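Protein chains in written order, with our numbering: chain C, 1 to 313; chain P, 314 to 601; chain X, 602 to 1134.
Okay, here's the thing in structure tokens:
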């Protein structure tokens, strides 16, 4: 088992290496010139050239990649071109809001999606099922920013239940932190709920057709116990798998949701970096997001060991 | 076969909806529209069902019924939604088609030729590890907001999933005795592909294609929302909403109406995919 | 069945309770920002990424500069230059020797007193970058500290622009401690220490999200009432937070729900809603902004002045400004290159009226033999005050007979791309639009697009020896009437050759909650004098 864990961990290295290469190449083919942006409106061409020299943008591409990779291995993602701080410290500043948002989204999702999916499976092909599944399909189909603006308008401006923007760190006010995150997390959860509810429904309904369920029912075990202990427990693996895959979806949603709700997280950092051609910053956040994705899916794989006694490595 | 699919409610309704949409979008000039970029700043933010004198900047002047009102620059919302649908639907269809083609190619090669399997799959893993949205916004920002860039940027991240799907089908089929026999009899590779592998892959591919199509339409609108969409002269549902959002509280129709149309489209495509999965995927049928 | 129903209900109930607790238990939090009357939360016009006002000319960095630094001279809202850190000054009869004395009681945020050595170092660093500073230094023989409070500037040739240069709010001379000012102008400073009315709170600085300033308790304002960047910079707030909200609707929501107190520049679409809201006040702090269209004069077709002029005559300022700013109260037309209401404004505009003259434009195009080559017009999608002109301009140019290719990009790409001199086939461009404050358009020297130095000049690179000669004589001239004559001649030269085209002016409204008062009229955005009740 330890060998499996170790191999699984080692196998992430080439993936991250390929990510690094793709990200680096992509951004260095860009026509935008960060030097021109730094120099600003009233700068001259000589200024632009000087800044290019300072930033090392005049080195050859392989050299730039090599230098970047060497520093990367030392845990140094470089310095932002525009903000006189290191990429690592900037990412560090933004992790809190994004992880809070993603975490709360996950909580909302699991609280809502798994019961909904289970109910739909249990009442399969009833009107309840159809309704729930249509609603979840709708959750898939409406762009996050439309949902976000509707929530803001309704719950923020009309009913004034929740703040419409911003982020309060939990250290400053725990209740304020939670209060401010409710709307963005619900917005972000829409897609996720739809996804997990569908998978739960499929997995549970598959489990419900198995022989042991019939056995359990015939033994007179209460229906809710059958559902929870037997069907849902057996559906855990596909659900966890999709939670892992859904991290990519979550990251996509984070970028949009953080913009709508002005949450100073990694998503907005990414958009700002892309818009300003901040090469080291873009490389840093993309690598970081990919790293998170790889780690989450690693954990998902490892969690199978716990969730499904049949799986042994 | 088709009749059996037609009998399935969600498939029927979603196909009809998509067909209606296609007619509206392709036949846009005949449904009471102006050119999507015809503007008259003096007629900005007209309410729905307004008839007004329109002084087009290109010099023409005419009366027009603005079914859904105008946007902040005085362009007809109805016209922009119909013409915008052309691009959104194109993005969905083209991305689905190309990611299926390219993904199938990678998947086939990977599943069939074990020597490159390792390398290809590691590349696919790497690609899959970069979140699609991050990948797309970087590419569009880098190569400029052209339709071709947009298509590439949305297609590439979808390839790995298709490749894995096809690869797993190939690996599964290869194990079957009759395929092993065919290989042993030195049947040409192409023939094995056509006879044994494609028929098994086609249903999951079609289903996957509908989901990709829906995702592509959504990603296009998100890119527009972030200011990384197509040329501002080109109306797409995403860009109409992106431009309208700065006055969402005052004129929500500019965001909501294309939003509803977009949601309906994506919903229809998803329903179609679900329906096809119910009907076509033998594994799924067996389960129910 | 019934058991499940029960458990379902209790689960649902639990969730609802949690939500209800979140909703009811803490509604106060949303309004917390609005309650403390010593804290002002405001949305600046852009994110503050660069802290060095010499290194960049970005407007938001200039605003930051006025928070933390002080200047030798200030400019009143009427455009007069008044001493600020300076107590007294004098110059010799021939105007070549200037002596300045600092007022007493000035100190930096780190406690050190402000000395003339600090001023000299700051002046030299500023003079190495700012275009006005470069002009001053090139006319200067020496700058010396005479004693702790007094310094002397000796000129090699007359420089009538001396006080305008030292007190210009456009590219201001901010005074920093000598040890920081000795950083070369080509390297960004990392420490923010000034002697201004606010202090920068470094540990709370989070680019892209928040900037915090605290009141400088040791600041000694001048006795005169505050006016522009001159007069007494009194601070009534303990803390000012700049909150970065990039999205227009988000900004509006934040202001309406009292999460922020002030928006430095309102998104144009929000004008009608803000105007109606009884809890909000709209105010004009700075003068109007000017929108400018620039041609690339180095490549075809605009290397032919007739074609450039044809494009200029297609301009319909009314339609352009209406599309971008919607509310008529937010914009005005102005065919002069000088900002409306400033000293050099003139209606002698060489036939340019700001109204379309398509017939004349078509005639010019025909004479010039325009071959129908598509004109590349750059359009920034993410810039809320520049994203609409390109679309309107394209329609107008087509009407005049041009073939137009609108290329959209984000603003940062546009800034990068406009530095390219190559023909369009190699990634160049033909037309872009940009904006300036009135303070940037009030005289020919600070006006960035007014250059005649060809490829050494500002983006677009027009060539005109006449412009350069006139600018030199403008600098040397001391007599206001003659200066005005020269300025008008410059305008006629610029517009007859269509070096660049004014597209109109807009009002950069500032929006505040009703309990905020004391916004000072100024040439640039400044935030002292504000009170919160």
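All C-beta atoms, glycine included, are put in the ideal place defined by N, C-alpha and C. Since this is a predicted model, take the numbers as computed values, not measurements.
Own chain residues within Cβ distance below 7 Å of residue i, not counting five before or after
{"i": "residue 433 of chain P", "result": "419, 422, 423"}
{"i": "residue 757 of chain X", "result": "740, 741, 742"}
{"i": "residue 307 of chain C", "result": "236, 237, 240"}
{"i": "residue 998 of chain X", "result": "912, 915, 976, 1005"}
{"i": "residue 155 of chain C", "result": "161, 162, 183"}
{"i": "residue 658 of chain X", "result": "772"}
{"i": "residue 602 of chain X", "result": "The pLDDT assigned to residue 602 of chain X is 32, lower than 50, so where the model puts this residue is not dependable, and the model offers no usable value."}
{"i": "residue 102 of chain C", "result": "250, 254"}
{"i": "residue 15 of chain C", "result": "294"}
{"i": "residue 1031 of chain X", "result": "896, 897, 903, 976, 977, 978, 1025"}
Same chain, Cβ closer than 6 Å to residue i, five either side skipped, listed in chain order
{"i": "residue 398 of chain P", "result": "338"}
{"i": "residue 366 of chain P", "result": "376"}
{"i": "residue 872 of chain X", "result": "928, 931"}
{"i": "residue 1122 of chain X", "result": "678"}
{"i": "residue 288 of chain C", "result": "91"}
{"i": "residue 323 of chain P", "result": "584, 588"}
{"i": "residue 922 of chain X", "result": "932, 1105"}
{"i": "residue 261 of chain C", "result": "165, 184"}
Contacts of residue i in chain P (Cβ-Cβ under 9 Å)
{"i": "residue 161 of chain C", "result": "The contacting residues do not exist; residue 161 of chain C stays about 17 Å from chain P at best."}
{"i": "residue 985 of chain X", "result": "559"}
{"i": "residue 151 of chain C", "result": "Residues of chain P passing the Cβ test: none, with the nearest at roughly 12 Å."}
{"i": "residue 196 of chain C", "result": "Result: empty, since nearest Cβ-Cβ is about 15 Å, beyond 9 Å."}
Boundaries of the alpha helix (DSSP H) in which residue i is found, first to last residue
{"i": "residue 918 of chain X", "result": "918-926"}
{"i": "residue 149 of chain C", "result": "144-151"}
{"i": "residue 724 of chain X", "result": "717-728"}
{"i": "residue 275 of chain P", "result": "Nothing about residue 275 of chain P can be read from this structure; chain P reaches only from 314 to 601."}
Whether residue i touches residue j by CB criterion (9 Å)
{"i": "residue 237 of chain C", "j": "residue 197 of chain C", "result": "no"}
{"i": "residue 840 of chain X", "j": "residue 1071 of chain X", "result": "no"}
{"i": "residue 1040 of chain X", "j": "residue 676 of chain X", "result": "yes"}
{"i": "residue 897 of chain X", "j": "residue 1062 of chain X", "result": "yes"}
{"i": "residue 267 of chain C", "j": "residue 258 of chain C", "result": "yes"}
{"i": "residue 120 of chain C", "j": "residue 201 of chain C", "result": "yes"}
{"i": "residue 329 of chain P", "j": "residue 389 of chain P", "result": "no"}
{"i": "residue 680 of chain X", "j": "residue 944 of chain X", "result": "yes"}
{"i": "residue 1033 of chain X", "j": "residue 978 of chain X", "result": "yes"}
{"i": "residue 820 of chain X", "j": "residue 1119 of chain X", "result": "no"}
{"i": "residue 908 of chain X", "j": "residue 969 of chain X", "result": "yes"}
{"i": "residue 685 of chain X", "j": "residue 831 of chain X", "result": "yes"}
Cross-chain neighbours of residue i in chain P, by beta carbon under 7 Å
{"i": "residue 927 of chain X", "result": "357, 385"}
{"i": "residue 397 of chain C", "result": "No answer is possible for residue 397 of chain C: the residues shown for chain C start at 1 and end at 313."}
{"i": "residue 274 of chain C", "result": "450, 451, 454"}
{"i": "residue 293 of chain C", "result": "442, 444"}
Beta-carbon neighbours of residue i, restricted to chain C and to distances below 9 Å
{"i": "residue 846 of chain X", "result": "165, 166, 262"}
First and last residue of the uninterrupted beta strand (DSSP E) at residue i
{"i": "residue 104 of chain C", "result": "Segment 87-122 is the alpha helix (DSSP H) holding residue 104 of chain C; no beta strand (DSSP E) there."}
{"i": "residue 753 of chain X", "result": "751-756"}
Residues that residue i contacts on chain X, provided the C-beta gap is smaller than 7 Å
{"i": "residue 371 of chain P", "result": "996, 999, 1000"}
8 Å CB neighbourhood of residue i in its chain, flanking five on each side removed
{"i": "residue 402 of chain P", "result": "334, 335, 338, 530, 578"}
{"i": "residue 520 of chain P", "result": "586, 589, 590, 593, 594"}
{"i": "residue 269 of chain C", "result": "90, 91, 94, 281, 285"}
{"i": "residue 86 of chain C", "result": "76, 77, 78, 79, 80"}
Under 8 Å by beta carbon: chain C residues contacting residue i
{"i": "residue 650 of chain X", "result": "82, 83, 276"}
Contacts of residue i in chain P (Cβ-Cβ under 8 Å)
{"i": "residue 873 of chain X", "result": "563"}
Count Cβ pairs between the region 883-901 of chain X and the region 1104-1112 of chain X that sit closer than 8 Å; are there 3 or more? yes
If you pair each beta-carbon of the region 461-476 of chain P with each one of the region 1019-1029 of chain X, do three or more pairs fall below 8 Å? no
Cβ contact (3+ pairs, closer than 8 Å) linking the region 139-155 of chain C and the region 525-540 of chain P: Enough Cβ pairs lie closer than 8 Å, so yes.
Between the region 1066-1085 of chain X and the region 759-774 of chain X, are three or more C-beta pairs nearer than 8 Å? Contact between the region 1066-1085 of chain X and the region 759-774 of chain X is present, because at least three Cβ pairs lie under 8 Å.
Is the region 134-141 of chain C in contact with the region 211-223 of chain C, if contact means three or more CB pairs nearer than 8 Å? no
Contact the region 779-788 of chain X vs the region 692-702 of chain X: 3+ CB pairs below 8 Å: no
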